[in-house]
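Residue numbers (the numbering used here): 461 to 671. By construction, the Cβ of each residue, glycine as well, lies at the ideal position given by its N, Cα and C atoms. Every value quoted in this text rests on a predicted model; they were computed, and no experiment measured them. One structure below.
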């Protein structure tokens with residue numbers, strides 16, 4: 461899960477929201493420095509925790525954005541999906557997302573030449589969709605959810621309030637701010653409920669941060 465650079469760390473948000481569950485996080489804000497190595501570390505820690513569910517919403521992002529070398533992309537994504545399969549085979553539900561096109565990030569964090577081509581992104585997401593066709597995997601349409609950000613459009617918050625999508629982002633243009641984290645995780649909560657009928661409504665309750 462995201463370490464929450466500029467926003468709320470997902471681990472903290474889930475700990476507060478999942479009152480009846482024990483939560484652990486292996487997220488690392490410096491994951492971009494070594495995506496393959498840190499993915500292995502994170503998933504090793506997750507498996508050792510013996511979880512019922514692993515939320516790896518943005519785990520695969522740097523496997524696509526971490527290099528312009530196609531061979532590196534292939535190896536990084538293979539490594540990550542293999543480790544996720546080990547966790548799934550051990551009995552954990554896996555919640556992952558497709559990798560969105562991000563064009564709003566500061567070049568200090570994400571140089572333009574690090575943004576994958578549409579063909580590269582499509583190929584990576586096809587592999588992710590193939591993995592997600594397995595039992596006990598939920599695929600979150602993060603590409604679709606981030607479309608308003610790319611379009612400079614508005615989003616509608618729970619309760620009906622409208623805001624420009626850009627106002628939900630941290631100053632780096634890549635990570636969500638606290639309001640954006642709440643919006644995303646509340647949306648995720650309802651999406652999981654739609655994919656798994658019977659999920660208790662109070663299994664996750666994300667509280668809106670103060671303005």
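Identified DSSP bridge partners for residue i
{"i": "residue 597", "result": "554"}
{"i": "residue 514", "result": "554"}
{"i": "residue 616", "result": "622"}
{"i": "residue 636", "result": "629"}
Cβ pair residue i, residue j closer than 7 Å
{"i": "residue 502", "j": "residue 486", "result": "yes"}
{"i": "residue 555", "j": "residue 598", "result": "yes"}
{"i": "residue 488", "j": "residue 472", "result": "no"}
{"i": "residue 626", "j": "residue 608", "result": "no"}
{"i": "residue 633", "j": "residue 565", "result": "yes"}
{"i": "residue 474", "j": "residue 483", "result": "yes"}
{"i": "residue 468", "j": "residue 638", "result": "yes"}
CA nearest to the CA of residue i, picked from the options
{"i": "residue 525", "options": "500, 538, 552, 571", "result": "571"}
{"i": "residue 578", "options": "547, 543, 528, 500", "result": "528"}
{"i": "residue 580", "options": "613, 559, 597, 659", "result": "559"}
{"i": "residue 628", "options": "636, 650, 621", "result": "636"}
{"i": "residue 663", "options": "484, 469, 471, 476", "result": "476"}
{"i": "residue 557", "options": "522, 472, 489", "result": "522"}
{"i": "residue 602", "options": "613, 590, 622, 648", "result": "648"}
{"i": "residue 655", "options": "541, 596, 608", "result": "596"}
{"i": "residue 674", "options": "620, 504, 512, 565", "result": "What is shown of the chain runs 461 to 671, which leaves residue 674 out entirely."}
{"i": "residue 650", "options": "544, 483, 600", "result": "600"}
{"i": "residue 553", "options": "540, 622, 512", "result": "512"}
{"i": "residue 496", "options": "531, 469, 484, 535", "result": "535"}
Residue i to residue j span [Cα, whole Å]
{"i": "residue 562", "j": "residue 615", "result": "17 Å"}
{"i": "residue 667", "j": "residue 642", "result": "7 Å"}
{"i": "residue 537", "j": "residue 550", "result": "20 Å"}
{"i": "residue 631", "j": "residue 586", "result": "31 Å"}
{"i": "residue 660", "j": "residue 567", "result": "42 Å"}
{"i": "residue 620", "j": "residue 569", "result": "33 Å"}
{"i": "residue 500", "j": "residue 518", "result": "14 Å"}
{"i": "residue 506", "j": "residue 584", "result": "23 Å"}
{"i": "residue 670", "j": "residue 646", "result": "15 Å"}
{"i": "residue 545", "j": "residue 653", "result": "23 Å"}
{"i": "residue 533", "j": "residue 593", "result": "21 Å"}
{"i": "residue 590", "j": "residue 531", "result": "19 Å"}
Exposed unless 16 or more other CB atoms sit within 10 angstroms - verdict on residue i
{"i": "residue 480", "result": "exposed"}
{"i": "residue 514", "result": "buried"}
{"i": "residue 665", "result": "exposed"}
{"i": "residue 491", "result": "buried"}
{"i": "residue 606", "result": "buried"}
{"i": "residue 640", "result": "buried"}
{"i": "residue 576", "result": "buried"}
{"i": "residue 516", "result": "buried"}
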